[in-house]
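*Asks:* If you scroll down you'll find the structure; I have some questions about it.
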Amino acid sequence: MAELSSRERVRRALNHQEPDRVPIDIGGMSTLTTLHLDAYKKLKQEFGLKGDIQLTSMPSQSVLPDEEIRKRFKADCYPLSTMWPDGGQLNPNIEGDGSRTYTDEWGVKWRQPKNGMYFDAVGHPLLDCTVRDIEAFNWPDPKDRSRIAGLGDRAKGIFEQTDYALVMNGPLYGGVYVPCQWLMGFEEFFIKLIIEPEVVRALLDKVVEYHIGQWDAILDEAGKYIEAVVITDDLGTQTSPIMKPSTYRNVIKPAHRKIISFIKSKADVKVIFHSDGAIKEFMPDLVEIGCDALNPIQISAEGMDDTKKLKEEYGDKLVFWGGACESQSLITNGSVIDIRLEVERRINDLAPGGGLIAGSIHSIQKDAPVENMIAFYDALLEFGSRIYKK
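Count the sequence shown with our numbering and you get residues 1 to 390, in order.
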């Protein structure tokens, strides 16, 4: 097969067709398949790259990779995201204990401990809320045009001047029920999910309303340039679903379905659903509500390690996005040989027949050695180029 453009390569994979090689994602999912800021600093230094680093998420300290890095490792995807209203930037405060804090437009307070890796939600404006409190809350305006200022021109420029496949990363980092946890508090959310589900439904309704308002504006502005969009909600822990499947189906799933249905009514795009953890039990639900691809395929979680079996069961229904190597374990603590063997195994399991866009399982962590990062990205290209020539 002749060499394909990145865009056509991704399109073929998304349509369960074999491309010339496995597409590679480095930062296309702007907080999920990229690198932690501290890891990226090491990679830039290794290649002698200067210049500022652009963060794509303050809480996760995720970065937008430089073009030189994309070209070096043959990345095929490019991220698009909305902006803070009025083009605002987050400038965390330095507290007396050395931690950094900020409060976002939703009133959620975030804190990064001194020498910590991430920001955590520590202040919840709807803690102990009622349905009436939710109705009275000062909700951000999803139709605020400053959130998408320049998005259409930016998407058009990248589409016409490069051959990248454009991936639109959703508002609220793509989350639906997870932002409810930020607003309500994690423990409070799960308590109310069981004993006061009407409160959770009321909050979900508001978050869904926000999502649909944002997606309406986003897809009007840039939909014709976008290949895929990202929805995120973690449905699993390391060992099990995070909630009973019946609870998910009764309370959360209708919200996911409504957003995905709206997106697909507006634009010809694929929907990537991100969920960490042991989520095999939810995969039929995700297929049913219109998800086209699943990220990250967390192989360390219960029931997710047998990627050959996952491919056999779901390879005609879901594209696997990520899945090539665990960032928390192997890329951080493994040997170069171990990383190469792992990438080869996962590509051999997931790539046949198309339907794999390869990347790290979660973004690469701050403590990853630079030689491991390079070995991982090089292995994606090497083994991804071999698989369709067998």
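We put the CB at the ideal spot given by N, CA and C, even for glycine.
So is Glu-188 buried or exposed if we call it buried at 16+ other beta carbons inside 10 Å?
*Replies:* The residue is buried, with at least 16 neighbouring Cβ atoms inside 10 Å.
*Asks:* Check each candidate in Gly-213, Glu-8, Ala-39, Arg-9 and name the one with the smallest Cα separation from Ser-327.
*Replies:* Answer by Cα proximity: Ala-39.
*Asks:* Is it right to say Met-397 is buried, meaning 16 or more other beta carbons lie within 10 angstroms of its own, or is it exposed?
*Replies:* Because the chain is modelled from 1 through 390, residue 397 falls outside the range shown and cannot be assessed.
*Asks:* My output table needs one value for Thr-101: the three-state DSSP class, helix, strand or coil.
*Replies:* Here Thr-101 sits in strand by DSSP.
*Asks:* What residue ranges within the stretch 293-347 form continuous alpha helix (DSSP H) runs of no fewer than 4 residues, ordered along the chain?
*Replies:* If we require 4 residues or more, the alpha helix (DSSP H) runs fully inside the stretch 293-347 come out as 307-314.
*Asks:* Check whether the Cβ atoms of Arg-7 and Asp-163 lie closer than 8 Å to each other.
*Replies:* It is a contact, given that the beta carbons lie within the stated cut-off.
*Asks:* Figure out for me which residue from Pro-245, Ser-275, Arg-9, Ile-299 has the closest Cα to the Cα of Glu-281.
*Replies:* When each option's Cα is compared against that of Glu-281, the closest is Pro-245.
*Asks:* Does Arg-111 come out as helix, strand or coil in the three-state DSSP assignment?
*Replies:* Reduced to three states, the DSSP call for Arg-111 is strand.
*Asks:* When the Cβ atoms of the stretch 67-78 are set against those of the stretch 348-355, are three or more pairs found closer than 8 Å?
*Replies:* No, they do not touch.
*Asks:* Where does Leu-127 land, buried or exposed, given buried means 16+ other C-beta within 10 angstroms?
*Replies:* That one is exposed.
*Asks:* Whose C-alpha, out of Arg-11, Leu-294, Phe-47, is nearest the C-alpha of Ile-374?
*Replies:* Ranking Arg-11, Leu-294, Phe-47 by Cα distance to Ile-374 puts Phe-47 first.
*Asks:* The beta strand (DSSP E) with Phe-273 in it runs from where to where?
*Replies:* Phe-273 -> beta strand (DSSP E) spans 270-274.
*Asks:* Hey, could you find the ends of the beta strand (DSSP E) Pro-179 is sitting in?
*Replies:* Here Pro-179 belongs to no beta strand (DSSP E); instead the alpha helix (DSSP H) covers 178-184.
*Asks:* Identify every residue that forms a DSSP beta bridge with Ser-360.
*Replies:* Cys-325.
*Asks:* With three or more beta-carbon pairs closer than 8 Å as the criterion, would you say the stretch 257-268 touches the stretch 49-58?
*Replies:* Cβ pair count under 8 Å is below three, so no.
*Asks:* Where do the N-terminal and C-terminal ends of the beta strand (DSSP E) with Gln-54 fall, by residue?
*Replies:* That run of the beta strand (DSSP E) goes 54-57.
*Asks:* Pairs of beta-carbons, one from the stretch 201-216 and one from the stretch 163-181, closer than 8 Å: are there three or more?
*Replies:* The stretch 201-216 vs the stretch 163-181: in contact.
*Asks:* Can you look up Val-22 in the DSSP assignment and give me helix, strand or coil?
*Replies:* Coil.
*Asks:* Using a Cβ-Cβ cut-off of 6 Å (strictly less than) and excluding sequence neighbours within five positions of Leu-310, which residues of its own chain qualify?
*Replies:* Within the same chain, Leu-310 has no close Cβ partners at all.
*Asks:* Threshold first: 3 residues or longer. Then list the beta strand (DSSP E) segments lying entirely within the stretch 216-241, N to C.
*Replies:* If we require 3 residues or more, the beta strand (DSSP E) runs fully inside the stretch 216-241 come out as 226-232.
*Asks:* Is the beta carbon of Asp-272 less than 8 Å from the beta carbon of Ala-293?
*Replies:* The sequence shown places Ile at residue 272, rather than the Asp named in the question. Yes, Cβ-Cβ distance for Ile-272 and Ala-293 is below 8 Å.
*Asks:* With a cut-off of 8 Å on the beta carbons, I'd call Gln-365 and Ala-301 a contact; round off their distance for me.
*Replies:* Actually they are not in contact, since the Cβ atoms of Gln-365 and Ala-301 sit about 17 Å apart, beyond 8 Å.
*Asks:* With a CB to CB cut of under 8 Å and the five nearest residues on each side skipped, what residues in its chain are close to Val-199?
*Replies:* Cys-129, Thr-130, Val-131, Ile-134, Lys-192.
*Asks:* Does Gly-175 come out as helix, strand or coil in the three-state DSSP assignment?
*Replies:* Strand.
*Asks:* For Asp-338, collect the residues of the same chain with a Cβ closer than 8 Å to its Cβ; drop the 5 residues on either side in sequence, then sort them by chain order.
*Replies:* Counting only Cβ-Cβ distances below 8 Å, and skipping sequence neighbours, we find Leu-330.
*Asks:* Using the C-alpha atoms, what's the distance from Gly-323 back to Glu-313?
*Replies:* So the alpha carbons of these two residues sit roughly 16 Å apart.
*Asks:* Taking the beta carbon of Met-1 as the centre, do at least 16 other beta carbons fall within 10 Å, making it buried, or is it exposed?
*Replies:* Exposed: under 16 other Cβ atoms inside 10 Å.
*Asks:* In the DSSP assignment, find the unbroken alpha helix (DSSP H) run with Gly-123 in it and report its ends.
*Replies:* No alpha helix (DSSP H) contains Gly-123, which is instead part of the beta strand (DSSP E) from 120-123.
*Asks:* Just mark Glu-221 as buried or exposed, buried being the case when its beta carbon has 16 or more other beta carbons within 10 Å.
*Replies:* Looking at its Cβ environment, which holds 16 or more other Cβ atoms inside 10 Å, Glu-221 is buried.
*Asks:* Using three-state DSSP, classify Leu-405 as helix, strand or coil.
*Replies:* There is no way to answer for residue 405, as the model of the chain reaches only from 1 to 390.
*Asks:* How about Pro-79 and Gly-28: do their beta carbons lie closer than 8 Å?
*Replies:* Yes, the pair counts as a contact, with Cβ atoms nearer than the cut-off.
*Asks:* Counting C-beta neighbours from all protein chains within 10 Å, is the total for Gly-315 16 or more, i.e. buried, or is it exposed?
*Replies:* Gly-315 should be labelled buried.
*Asks:* Taking just the CA atoms, how far does Val-178 sit from Asp-104?
*Replies:* C-alpha separation (whole angstroms): 15 Å.
*Asks:* Under three-state DSSP, which class holds Leu-35?
*Replies:* In the structure shown, Leu-35 sits in a strand (DSSP, three-state: E or B).
*Asks:* My assumption, with CB atoms under 8 Å, is that Glu-227 sits in contact with Arg-11. Please give the rounded CB distance.
*Replies:* The Cβ separation is near 7 Å, so the contact holds.
*Asks:* Would you tell me roughly how many angstroms separate the C-alpha atoms of Trp-416 and Val-122, rounded to the nearest one?
*Replies:* In the structure as shown, the chain starts at 1 and stops at 390, and residue 416 therefore has no counterpart that could be examined.
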